[in-house]
Amino acid sequence: MKNPYLPFSARVDRVKIETEDNNIKSFDFILLNKSDEDAFTYLPGQFAEVSVFGKGEAPFGMASSPTESGYLKFSINKVGVVTEALHNLEEGEIVGIRGPLGNHYPLDEFEGKDVVIVGGGFAFTTLRSLLIYMQKSRDKYKDITVIYGARSPGLLLYRDELEKWQNQDDLKMHITVDKGDESWNGLVGFVPNVTKDAAPSSENAYVIVCGPPIMIKFTIPVLTELGFTPDRIILSLEMRMKCGIGMCGRCNIGSKYVCKDGPVFTLEELRKLPDEY
Amino acid sequence: MEEQVIEKKDIKSWIEGLFADYEVYAPVLDEKKGKVYKKVESTEDINLEFLNSKNSPKDIYFPQTERLFSFSRKDEMGLIPPHMDDKKKIVFGIRPCDAMAFTMLDKVFVSGENNDFYFIKRSENTLTIGIGCIKPDSTCFCKVVGGEPSSEEGLDILLIDTGKEYVAEPVTDKGKSLIEGSSFFKEATPENIRLKEEAITNANEKIQEFDISGLKERLDRGFDLPVWAKIHEKCVGCGICTFLCPTCHCFDILDEEGKEYGERIRIWDSCQFPLFTKHASGANPRPTGKERMRQRIMHKFKYFVENNDIFACVGCGRCVKYCPVNLDIREVLKSLAGDGGGKS
């Protein structure tokens, strides 16, 4: 019988500091056993519990795309006991990874449609996964628009990739910061306003929104104004989690468990749930 | 198989004979904890003089703390799960409410999609022999939430106390075979059956009932009822209601670290504790007692019902009996089902 609490062992292959405040690092982990690698099949939007043995485990969305085979990428903000321990890891050290867990973005639904990605701050992780995944079979989707904002240029994740994507003509990139600096010559402004200005068409389109609650709160009305209906607005939620498989009882919103019924929900689904998240 | 009868004086000899093939869990009087269900080595320890135990028997399948695995710091690859034997078990003397609670825990831990290795290892190969309640406690309310003092749900054998004997109702095939192999049982006479029916009727008459027929409608619209702000006020957040509850199953997972090795353990947790849902960022979707009390009630009487078509409450009354501030879930239900919840 499979034991869902036993993590796979993985090695830290690469650590990269993502942001100028050193608070976010990206980790590429390589699963040690080939059989574990085969068992770990995932899609963008899913998450896993990452362990530092002796410190505990915590849930993080996969920032890598399943199309990037060979490693799993997580971008982790240093904020608590486990994340602090993760930040202290060096290349070559061993962690545990339990997953994949949760549902994923409704990729089949996106086919043949425009896809708009709206992200804020360090919530761009599973959006990176999605963006890379969709580019691997670019023909399946129509226009892909990305609106991504951070407080300052130094707090944007994946800056090298953002630059590359900005130079591609099959992506409409709108990268913005709340406050620029002397090196910044891009957009300045909050995500909701930039979304308004970019005005992506809601015709035959889906929008995926990931970011801090305040950004989501002000972006939803803009998207609604643009004509996106609640069933076409996709969000990914975060909750305190332990088991990740719907048993430990803490991540529920009403009768839905974010760990197993989510973390991806449509706005339509969320509106049926109590306002407790 | 027809109903069987076993004389009370033979019951311990019958159990004695089961020790060879089974681990037997039964109610015992623990010096510190009072009446609890424990693994017994001798039938002398079994104590059937009680209404119900203080602690529910859920810890037989789901211990308060358990090791999920241990790990060595020297050999970083090695995760060692605990050894779990496949020994057959009998839970003897369990009350129908607690047996029904086992079926609810099954729904949580054995969903088909996700299966809890440890719970399954402990609960599979287990037979339950229940004793119907002929003398319900003043805090019992199983009939209100779909149970009965003589419910067979979750049991393999149901015993009903008829004075000198127990009338045994074999509920499952496993239960039948346990009785068939024993010389202590004989077929029940019409008189035995009459006494049994009388005992059941008596218990059903004695147990308190109240009407919660309006509960679903209230809770469906009930997230913002003013009553939530009131009912939690005297709660001190001790969590005893959740720890004694036979259906509460929330847990925490944490690591214990030693110099050379460590363990990942799971430990019961409670939705009544403020840290239960607190994010590392400091955000907390259930920041006060109001939200936490609402979660406890809504989970038991709405959310669990939506997912499993059954209340996550068996009416055992432990939370009523042992609450240090007399917060009575029966009053909460009555008030919600009636108009005491206030206008939403």
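For the protein sequence lines, the chains are A and F, in the order given. If you use our numbering, the first sequence corresponds to residues 1 to 277, in order. If you use our numbering, the second sequence corresponds to residues 1001 to 1344, in order. We treat Cβ as the ideally placed atom computed from N, Cα and C, and that holds for glycine. Fair warning: this is a prediction, and the values are worked out from it, not measured in the lab.
- Not flagged as an interface residue toward chain A: Ser1013 of chain F, since no C-beta distance is shorter than 8 Å.
- Of all residues in the stretch 202-230 of chain A, none places a beta-carbon less than 7 Å from a beta-carbon of chain F.
- Three or more beta-carbon pairs separated by less than 8 Å are not found between the stretch 1020-1034 of chain F and the stretch 1216-1225 of chain F, which leaves the two stretches without contact.
- Per DSSP, Cys210 of chain A is not a residue of any alpha helix (DSSP H); the beta strand (DSSP E) it occupies stretches across Ala205 to Cys210.
- Secondary structure note for Ser1072 of chain F: it is in no alpha helix (DSSP H), and the uninterrupted beta strand (DSSP E) holding it is Thr1065 to Ser1072.
- Sequence-distant Cβ neighbours of Lys1321 of chain F in its own chain, meaning closer than 7 Å and more than five residues away, are Thr1139.
- In the three-state reduction of the DSSP assignment, Ser51 of chain A falls in the strand class.
- Taking the Cα of Ile76 of chain A as reference, the smallest distance to any Cα among A:Tyr105, A:Glu109 and A:Leu155 is reached at A:Leu155.
- Among the residues of chain A, those whose CB is under 9 Å from the CB of Val1108 of chain F are Gly246, Met247 and Gly249, following chain order.
- The residues Ser1070, Phe1071, Ser1072 and Arg1073, in chain order, have a CB closer than 7 Å to that of Tyr1261 of chain F in the same chain once the five nearest residues on each side in sequence are set aside.
- Its chain contains Asn23, Glu84 and His87 as the residues whose beta carbon lies nearer than 7 Å to that of Lys78 of chain A, once the 5 sequence neighbours on both sides are disregarded; these appear in chain order.
- Against chain A, a Cβ distance below 7 Å from Pro1149 of chain F picks out nothing, because the smallest value is about 29 Å.
- For Ser26 of chain A, the enclosing beta strand (DSSP E) has its first and last residue at Ile24 to Leu31.
- Taking the CA atoms as reference points, Phe1301 of chain F sits about 40 Å from Glu111 of chain A.
- Residue contact check for Arg240 of chain A against chain F: a CB pair falls below 8 Å.
- The alpha-carbon separation between Lys1206 of chain F and Cys1248 of chain F amounts to approximately 27 Å.
- For the pair of segments examined, the stretch 1220-1233 of chain F was found to touch the stretch 1286-1294 of chain F: the number of CB pairs separated by less than 8 Å reaches three.
- In the three-state scheme derived from DSSP, where H, G and I count as helix and E and B as strand, Ala10 of chain A is classed as strand.
- For Arg1286 of chain F, the nearest beta carbon of chain A is closer than 8 Å to its own beta carbon.
- Listed in chain order, the non-local C-beta contacts of Asp1085 of chain F below 7 Å within the same chain number zero, local neighbours out to five positions each way being set aside.
- As the crow flies, the alpha-carbon of Ala1312 of chain F is around 10 Å from that of Met1100 of chain F.
- At a cut-off of 8 Å between C-beta atoms, Ile1265 of chain F does not count as an interface residue with respect to chain A.
- Rounded to the nearest angstrom, the gap between the Cα atoms of Val1314 of chain F and Asn1114 of chain F is 24 Å.
- Per DSSP, the beta bridge partners of Thr1126 of chain F are F:Lys1089.
- Between Leu1127 of chain F and Asp1156 of chain F, the C-beta gap is smaller than 8 Å, which places the two residues in contact.
- Short of 8 Å from the beta carbon of Leu101 of chain A, and not among the five residues preceding or following it, lie these beta carbons of its own chain, in chain order: Gln46, Phe47, Ala48, Glu49, Pro59, Gly244, Ile245, Cys259 and Lys260.
- Contact check for Gly249 of chain A against Cys1271 of chain F passes: the beta carbons are separated by less than 8 Å.
- The alpha-carbon separation between Glu238 of chain A and Pro212 of chain A amounts to approximately 10 Å.
- Annotated three-state conformation of Pro1274 of chain F is helix, per DSSP.
- The residues Phe1141, Lys1143 and Val1144, in chain order, have a CB closer than 8 Å to that of Glu1209 of chain F in the same chain once the five nearest residues on each side in sequence are set aside.
- Using a Cβ-Cβ cut-off of 8 Å, Pro1081 of chain F counts as an interface residue toward chain A, since at least one Cβ of chain A sits closer than that to its own.
- Annotation: the continuous alpha helix (DSSP H) that includes Pro221 of chain A extends over Pro213 to Glu225.
- Taking a beta-carbon distance threshold of 8 Å, Lys55 of chain A counts as an interface residue toward chain F.
- Three or more beta-carbon pairs drawn from the stretch 223-230 of chain A and the stretch 190-209 of chain A are found closer than 8 Å, and the two stretches are therefore classed as touching.
- Trp184 of chain A carries a coil assignment under DSSP once its states are collapsed to helix, strand and coil.
- By the beta-carbon neighbour count (other beta carbons within 10 angstroms, threshold 16), Met1 of chain A is exposed.
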